[in-house]
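Asks:
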Amino acid sequence: MISFQFQWRVLSVVISVSYLLTCLGNNDIPIQLNDDVLGLIVFKSDLHDPSSYLASWNEDDVNACSWQFVQCNPQTGRVSEVSLDGLGLSGKIGRGLERLQHLTVLSLSHNNITGSISPALTLSNSLERLNLSHNGLSGPIPTSFVSMSSIRFLDLSENSFSGTIPNNLFDNCFSLHQISLSGNNLEGTIPSSLSRCSSLNSLNLSHNRFTGNVDFSGIWSLNRLRTLDLSNNALSGSLPNGISAIHNLKEILLQGNQFSGPLPADIGFCLHLNRLDFSDNQFSGEVPNSVGRLNSLRYFKASNNIFTSELPQWIGNMSSLEYLDLSNNQFIGSIPQSIGELRSLTYLSISNNKLVGNIPSSLSSCTKLSVIRLSGNGFDGTIPEGLFGLGLEEIDLSHNGLMGPVPAGSSRLLETLTNLDLSDNHLQGNIPAETALFSKLRYMNLSWNDLNSHMPPEFGLLQNLTVLDLRNSALYGSIPADICESGNLAVLQLDGNNLAGMIPVEIGNCTSLYLLSLSHNNLIGSIPNSLSKLNKLKILKLEFNELSGEIPMELGMLQSLLAVNISYNRLTGRLPTGSIFQNLDKSSLEGNLGLCSPLLQGPCKMNVPKPLVLDPNAYNQMGPQRQRNESSVAGSSHRHRFLSVSAIVAISASFVIVLGVIAVSLLNVSVRRRLSFVDNALESMCSSSSRSGSPATGKLILFDSQSSPDWISNPESLLNKASEIGEGVFGTVYKVPLGSQGRVVAIKKLVTSNIIQYPEDFDREVRILGKARHPNLIALKGYYWTPQLQILVSEYAPNGSLQSKLHERLPSSPSLSWPIRFKILLGTAKGLAHLHHSFRPPIIHYNIKPSNILLDDNFSPKISDFGLARLLTKLDRHVMSNRFQSALGYVAPELACQSLRVNEKCDVYGFGVMILELVTGRRPVEYGEDNVLILNDHVRVLLEQGNVLDCVDQSMSEYPEDEVLPVLKLAMVCTSQIPSSRPTMAEVVQILQVIKTPVPQRMEVF
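Numbered by mature numbering (1 follows the signal peptide of the UniProt record, and there is no 0), the letters in the sequence shown go through residues -25 to -1, 1 to 981 in order.
Pasting the structure below:
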């Protein structure tokens, strides 16, 4: 590699010769070399300029003052400003800039400049303004590349700078007015030396990884500060009094941290404050009374904290307030009438507190109000009619105790409303006809009320309606034929009403439907063939009606269906072939004595090989049960929630029996040898993976620094201070402290057998895997390569693996709770979906199991060991086939068959097995003295018998049945023996969100 000094000398000679020849041809021009020209030409040589914006930069010029994007000081003729913002430049920042000794402004923002800034780079001592924001710069921030004694404006935001900020960086920052380091990967504590920046007006350190306590007493001493933004870090501690010393403070943004304790009592004496955001912290106590003095405050957000006490009467004094969010706290009492004095208010959210009483009628005086969210409180009384006379876009009054009718909307509201949620109240009376005239309405939820009303036939006029939820609202009459006139409806939920008549044939016009739920009504007639037009339909619920006749065979063509429930009707005949119907379990079919299925007992209404015995008491037994269900829905217990994704089971019973016989015969041949084969085969499929910025041989490459750290002369020395935390076929994993700051990473020392032996190939494959960045994937930090040693560097997960928490837990250790288990399932599904759907070709893991699911500080899952098969010199499918054949219950069966194309569906199978492990606490295959238990077969049998909850892990003290049951059924679909019958991981994520998401918010799932 040509050294910088050599490059500089060559360019200097070339330009000197050019100048000399020019001067020899013109005796009037003095011989003179210009450092500015030299510096900018060298700087340009390190950049790629695809649009030729820098074409005017010519080394033959005497000076650079005529160049585009360059300005000179008219008195000295030297370059004073270089502004190259948004030109699409790439490359790196070279040391040519050192020659610009009179530079005062350097702005390179919104380009694609990458790499790290050399610690040896030193910019002009006269530099006042430096803007490198919105690039791809990485590595640590050098402490000496700018003179903090002269710099006034420093913006390094939206890059990938990492490491800590040295405390001495701000030793001489007396001239600094603005600094922004937001949107990087900086960590550690915020330097206390910031308090020396006495002229500081704006401080923005948001969206980094800073931790620890903040020296707020030092920050409060910055009496010229106007904007303080420390949001979205992991900072902790409390806010002391003394903030009133900052007289000109306008913005305090501390959201998304771990601050606690009360707010400063003197905060209200910062009279110029116009924006306060304390949300998503752990602040507690009362909101200080002094806040009522902030007449200039326009934005106040304190949601997701632990604030208590009543809402103060002085809240109406903040006359400039436009945005108020106090949701998800513990406020008590009622909303004061003075809130009507907030005439500038456009957004109001006080959801999920402990407020009671009436909704004040004075709110109708807030004539600019656009969004009002009061859900999850204890409000009673009626809805103020004046509220529906405003130009609101969103109304959410759900989960309260409101009574009376649904107010009719004014002409103004009809033109503005997009979201209406009045669910889970005690509202009564007819649905106003005006409701069907909301021209912009997208989401309507009136469920769990006592409306006792017809469905307005005009609902079909709602051209933008996407979600309509009217469950358990005592509706009667028939389903309007033009309910889907607009063709935009995605969710239609009418469960638990008294609707009668037939399902309209026009339901086939609902071509955008994802979810159709008509269960627990009195619908009659046949299932219309037109349902087969709903190609996007994923969930179909028709249980507990009086539907009769045969199920249309055309429904088998709906390839998107993930869940179907047709139980307790009077349906007859065979089930449609294809789609989900052949994999439905007993609970999705029972109560239909004419259906032909080996899961049911009853008089099949078609010719079958063997006659089935009719139980003469079957219909009589079904009747009371049906009546009990209907009465429970229509009665006063409408607040009881029943959330269940329809029953789904992956294998028909006959196929299960045959498969079970084969599995037992295979698995009993050699128990010990099988376990060894399974572990070796799976470990050899995937292990830790990494990537590098360059195929440097014998050099440790860290992605966040683009070069080998100076303090590592031999990466093998890392292993000397490492502690071993795991071992597999591909190598040994160690926990290693990296650097003087105590940063911890995990490294895997790979065995060299069968690993790619050429650095370029190794580098290319690791780069591909390195692009797989996601919150639920272990981040790859770097790698080291020599022919004798390969090391992969990755993120360290402090809570170990799911395997250790699930199967290797000490009796004294607490068991994983259901919320944590569900969090692990959903996060793992999202990570796999990212691997499958964000890359072409998709990255297949091959080896999803608890030992490859690591847990961070918050028990969020991070998938490890993905894609290492790419680093193999060859993949011996024949050997894999022989080993996987004896591993039923662990891996997808197609991995044992060379004739099948292996794709993402093998990961879906592994994920389904992991679901069963998390729910049951058992291993996929358990060996006894005389038998072998295959977990998915065991759970399937319990599902068919109706006793599936017996297999739930008993170490969980509490778990919601309406979540556990559909999760188990989802596992059955994922472990289908037929790959095409398994959902994609994107669909799995959607189903899990449907299971977990509170009912009124289901719109977000779709």
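For each residue, glycine too, the CB sits at the ideal point set by N, CA and C. Small disclaimer: the values here were computed from a predicted structure and weren't measured.
Per DSSP, what kind of secondary structure is Y884 in: helix, strand or coil?
Replies: Note: Y884 maps to helix in three-state DSSP.
Asks: By Cβ distance, which residues of its chain are closer than 8 Å to T321, with the 5 residues on each side in sequence left out?
Replies: Counting only Cβ-Cβ distances below 8 Å, and skipping sequence neighbours, we find E297, Y298, K343, L344, S345, V346.
Asks: If you draw a straight line from the alpha carbon of C485 to that of V539, how long is it in whole angstroms?
Replies: Those two C-alpha atoms are separated by around 17 Å.
Asks: According to the Cβ coordinates, are G802 and P836 closer than 8 Å?
Replies: Result yes, Cβ atoms of G802 and P836 sit closer than 8 Å.
Asks: Helix, strand or coil, according to DSSP, for W423 in the structure here?
Replies: Coil, per DSSP.
Asks: Run through DSSP, which three-state label would S326 get?
Replies: Three-state result, S326: coil.
Asks: Under 8 Å, do G14 and L75 count as touching if we go by C-beta distance?
Replies: Yes; because the gap between Cβ atoms is below 8 Å, this pair is in contact.
Asks: For a test of the three-state rule: what should DSSP assign to V266, helix, strand or coil?
Replies: Helix.
Asks: Ignore the nearest five residues each way along the sequence and tell me which others in S461's own chain have a CB closer than 6 Å to its CB.
Replies: Once the five neighbours on either side are set aside, the close Cβ partners of S461 are Q438.
Asks: Figure out for me which residue from C926, H811, A411 has the closest Cα to the Cα of E962.
Replies: Considering only alpha carbons, the answer is H811.
Asks: Using only the alpha-carbon positions, how far apart do N427 and P503 sit?
Replies: One C-alpha to the other measures close to 27 Å.
Asks: Which same chain residues end up closer than 8 Å to S200 when comparing Cβ atoms and leaving out the 5 residues on each side of it in sequence?
Replies: Sequence inspection shows Leu at residue 200; the Ser mentioned does not correspond to that position. Correct list, in chain order: L175, N176, S177, L178, I194, I221, N223, L224.
Asks: Just the Cα atoms here: how many angstroms apart are V923 and H913?
Replies: Each residue's Cα considered, the two are about 9 Å apart.
Asks: In the DSSP assignment, the beta strand (DSSP E) including W760 goes from what residue to what residue?
Replies: W760 -> beta strand (DSSP E) spans 755 to 760.
Asks: Could you pull the start and end residues of the alpha helix (DSSP H) that A804 belongs to?
Replies: Where A804 is concerned, the enclosing alpha helix (DSSP H) stretches over 793 to 812.
Asks: Between the C-alpha atoms of I891 and A277, what's the straight-line distance to the nearest angstrom?
Replies: It is worth fixing the name first, because residue 891 is Leu in this sequence and not Ile. Roughly 40 Å between the two C-alpha positions.
Asks: To which residues does DSSP link I766 through a beta bridge?
Replies: Answer is K724, Y759, bridged to I766.
Asks: Considering only their Cβ atoms, is the gap separating L537 from L509 smaller than 8 Å?
Replies: No; because the gap between Cβ atoms is not below 8 Å, this pair is not in contact.
Asks: Less than 8 Å between the beta carbons of I325 and L301, yes or no?
Replies: Yes.
Asks: Between L197, I953, R739, which has its C-alpha nearest H152's C-alpha?
Replies: For H152, the nearest C-alpha among the options comes from L197.
Asks: For the beta strand (DSSP E) containing M960, name the first residue and the last one.
Replies: That residue, M960, is in no beta strand (DSSP E); its alpha helix (DSSP H) goes 960 to 971.
Asks: Measuring CA to CA, which of C459, D882, D399 is closest to C949?
Replies: Of C459, D882, D399, the residue nearest in Cα terms is D882.
Asks: Could you tell me which of L131, N400, Y758, I541 sits nearest to G524, measuring between CA atoms?
Replies: The option with the nearest alpha carbon to G524 is I541.
Asks: DSSP beta-bridge partners for A475?
Replies: Bridge partners of A475: N497.
Asks: With distances taken between CB atoms, is the gap from S741 to Y758 smaller than 8 Å?
Replies: Strictly speaking, residue 741 in this sequence is Val, with Ser absent from that position. Yes, the Cβ-Cβ distance between V741 and Y758 is below 8 Å.
Asks: Looking only at C-alpha atoms, which of C40, Y274, S337 sits nearest to Q312?
Replies: Ranking C40, Y274, S337 by Cα distance to Q312 puts S337 first.
Asks: In chain order, which beta strand (DSSP E) runs of at least 3 residues are fully inside the region 899 to 953?
Replies: Listed in chain order, they are 900 to 902, 907 to 909.
Asks: Roughly how many whole angstroms lie between the Cα atoms of N303 and S813?
Replies: Distance between the alpha carbons of N303 and S813 is about 34 Å.
Asks: Which stretch, first to last residue, makes up the beta strand (DSSP E) that contains K19?
Replies: Run containing K19: none in the beta strand (DSSP E); it sits in the alpha helix (DSSP H), 10 to 20.
Asks: Within a Cβ cutoff of 6 Å, which residues of the same chain sit near P806, ignoring the five residues on either side of it in sequence?
Replies: In the sequence as displayed, the identity of residue 806 is Gly instead of Pro. Here the set comprises H749, N751, L752, I838.
Asks: Tell me the rounded alpha-carbon separation between I165 and C341.
Replies: When rounded, the distance between both Cα atoms is 42 Å.
Asks: I need the straight-line Cα distance from V866 to P825, nearest angstrom please.
Replies: If you take the alpha carbons of V866 and P825, they lie about 13 Å apart.
Asks: Cβ atoms of K513 and L490: under 8 Å apart, would you say?
Replies: Yes, the pair counts as a contact, with Cβ atoms nearer than the cut-off.
Asks: Figure out for me which residue from N328, G364, L362, S339 has the closest Cα to the Cα of F354.
Replies: That would be N328, whose Cα lies nearest to the Cα of F354.
Asks: In the structure shown, what three-state DSSP assignment does T895 receive?
Replies: In this structure, T895 counts as helix in the three-state DSSP scheme.
Asks: Starting from the Cα of N232, find the closest Cα among S271, G217, S181 and give me that residue.
Replies: Ranking the options by Cα distance to N232, first place goes to S181.
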